[in-house]
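Read the structure below first, then the notes.
Protein chains: 2
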Amino acid sequence: MTSGVPKLKHSLLERLVHYLHVLVERHPDNEREYFSSAHVAALLHMDDTQIRKDLAAVGVRGYPRLGFRTLEAREAIRRTLGFNCRHRAILVGAGHLGGALAAYKGFAGYGIQWVGIFDADSDKHGTRFGRLVVQPLSRLHNVARKREIHLAVIAVPSGAAQDVANQVVTAGINTLWNFAPMSLVVPSRVYVRNEHISVGLGELSYHLKQSADPPC
Amino acid sequence: MTSGVPKLKHSLLERLVHYLHVLVERHPDNEREYFSSAHVAALLHMDDTQIRKDLAAVGVRGYPRLGFRTLEAREAIRRTLGFNCRHRAILVGAGHLGGALAAYKGFAGYGIQWVGIFDADSDKHGTRFGRLVVQPLSRLHNVARKREIHLAVIAVPSGAAQDVANQVVTAGINTLWNFAPMSLVVPSRVYVRNEHISVGLGELSYHLKQSADPPC
DNA sequence: TAGATTGTTAATCGATTAACAATC
DNA sequence: TAGATTGTTAATCGATTAACAATC
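So the protein sequences, as listed, match chains A and B.
Residue numbering for the first sequence follows this note's numbering, beginning at 78 and increasing consecutively.
Residue numbering for the second sequence follows this note's numbering, beginning at 78 and increasing consecutively.
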């Protein structure tokens, strides 16, 4: 491995997303030209040293007495995370969840560009989702041949997920975002991010159990 | 802090969920009476010592030469996470995402029992979601008065989320599962788990940027 | 018995936090 | 200048991994 750019840890990436929230979405401090590491740290219940180190890691330097430039930090984080790139993505599954994802306007701000929506159910074919029309999954190959597709979002029932994953991988897509509550088996070159609902639920359920009175 | 039971770390809870997947859902090894820590470790790309320590933490002892009893470990994890409890929950938001959550059969296996679905949009009132009918949010207080509600799942657009959170908290619900892509301000006694799509997206976007050719 | 696997202690590693000099 | 805040090194803390005796 002779790559010059070290791969950033997931934990850092996650913290960067939180910083971005604070910097752009969460607080009316948006408008402030500078912010201090202590300020962000307090909002996120973190140590301020961590903030400074993380910002240094993405190439942002602060100014003693003033803090960090909001605009500069925001753009550096966005660039680091790749939110300024255009990620061409397809959505497989036009059910409730697929509909929710297709309807979410926020994706555009993160660089996601939908180039196709697919579903196995022929009743759904032709249905409009914004600009796009639901197509049979069999058309995936044609779509993928025309333009490189970077990401496939899988929002189908568990029973269909592995089959969909196979087809998507065969079509040459190497990054998968899996919303089906099951693990997918894919070749090692393929990257899968699972959005398993049970992880969050496990945490919540434990919390509910702990605070139950009388104990469940 | 004189509580006898130490609060388990989130990281442990998350690992437990993964073990449960492997043990019940993921592999046909379901049927095996025993499993070894090395086996689970290999499937999850982890160190086997970690598995043994985690199982010990939830009170499961293994048997030298044999491993751990599948059934015993599974039930211990489920009990630890509270999946054997009945968590009475309401769902606020009957849009795409709310529909996806209401339709997900898996929740029953995690102890979630829906006791009400609410939406601000009067066009949706009366719509059936399985056994339940969408009600106006104003009826929340009545529903909450009849039976204690443990959890409120918030699946409304960003703009409405804070308002919904306020009402839910006023109705006496102290645990929130927030699917709206924004942070909620709540009293400190209220526990919020955020399911922010941007966290997963940040990781994926970074990965896509790294593997982009030509670089985005 | 020999051998596979656990349980646990010790060692390592990495992440977090504290301290403080440098800066404007 | 005094004071607030960064940048960075050192210290602490906790999590991970290695080692190995105990067990069946």
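In this text, a Cβ means the ideal position worked out from N, Cα and C, and glycines have one as well.
Keep in mind it's a predicted model, so treat the numbers as computed, not measured.
Asked: Alpha-carbon to alpha-carbon, Ala-289 (chain A) and Glu-91 (chain B); Found: 21 Å
Asked: Through-space distance from Val-263 (chain A) to Ala-237 (chain B), alpha-carbon basis; Found: 39 Å
Asked: Three-state class that DSSP yields for Ala-229 (chain B) in the structure shown; Found: strand
Asked: Secondary structure of Leu-209 (chain B), DSSP reduced to three states; Found: strand
Asked: Three-state class that DSSP yields for Gly-139 (chain A) in the structure shown; Found: coil
Asked: Straight-line Cα distance separating Gly-139 (chain B) from Arg-222 (chain A); Found: 52 Å
Asked: Proximity winner among A:Tyr-96, A:Val-241, A:Gln-239, relative to Arg-151 (chain A) (alpha-carbon distances); Found: A:Tyr-96
Asked: Extent of the continuous beta strand (DSSP E) run through Ala-166 (chain A); Found: 164-169
Asked: Chain B within 8 Å of His-116 (chain A), Cβ atoms only; Found: no
Asked: Residue range of the beta strand (DSSP E) that includes Asn-255 (chain A); Found: 252-255
Asked: Which of helix, strand or coil DSSP assigns to Arg-109 (chain A); Found: coil
Asked: Below-8 Å beta-carbon distance, Cys-293 (chain B) vs any chain A residue; Found: yes
Asked: Distance CB(Phe-256 (chain A))-CB(Ala-229 (chain A)) smaller than 8 Å; Found: no
Asked: Separation of Val-220 (chain A) from Gln-244 (chain B), as counted between CA atoms; Found: 46 Å
Asked: Distance, Pro-291 (chain A) Cα to Gly-193 (chain A) Cα; Found: 50 Å
Asked: Whole-number beta carbon distance between His-227 (chain B) and Thr-247 (chain B), since they are thought to touch under 8 Å; Found: So it is not a contact: roughly 16 Å between Cβ atoms.
Asked: CB-CB length for Lys-286 (chain B) against Gly-249 (chain A), believed under 8 Å; Found: Wrong, their Cβ atoms sit about 19 Å apart, outside the cutoff.
Asked: Arg-216 (chain B), buried or exposed, once every other Cβ within 10 Å from all chains shown has been counted against 16; Found: exposed
Asked: Under 9 Å from the C-beta of Trp-254 (chain A): neighbouring residues of chain B; Found: Gly-277, Leu-278, Leu-281
Asked: Test: Glu-272 (chain A) CB closer than 8 Å to a CB of chain B; Found: yes
Asked: Within chain B, the residues that Val-94 (chain A) reaches when beta carbons sit closer than 7 Å; Found: Ser-275, Val-276, Gly-279
Asked: Alpha carbon of Asp-240 (chain B) to alpha carbon of Ala-197 (chain B), nearest angstrom; Found: 11 Å
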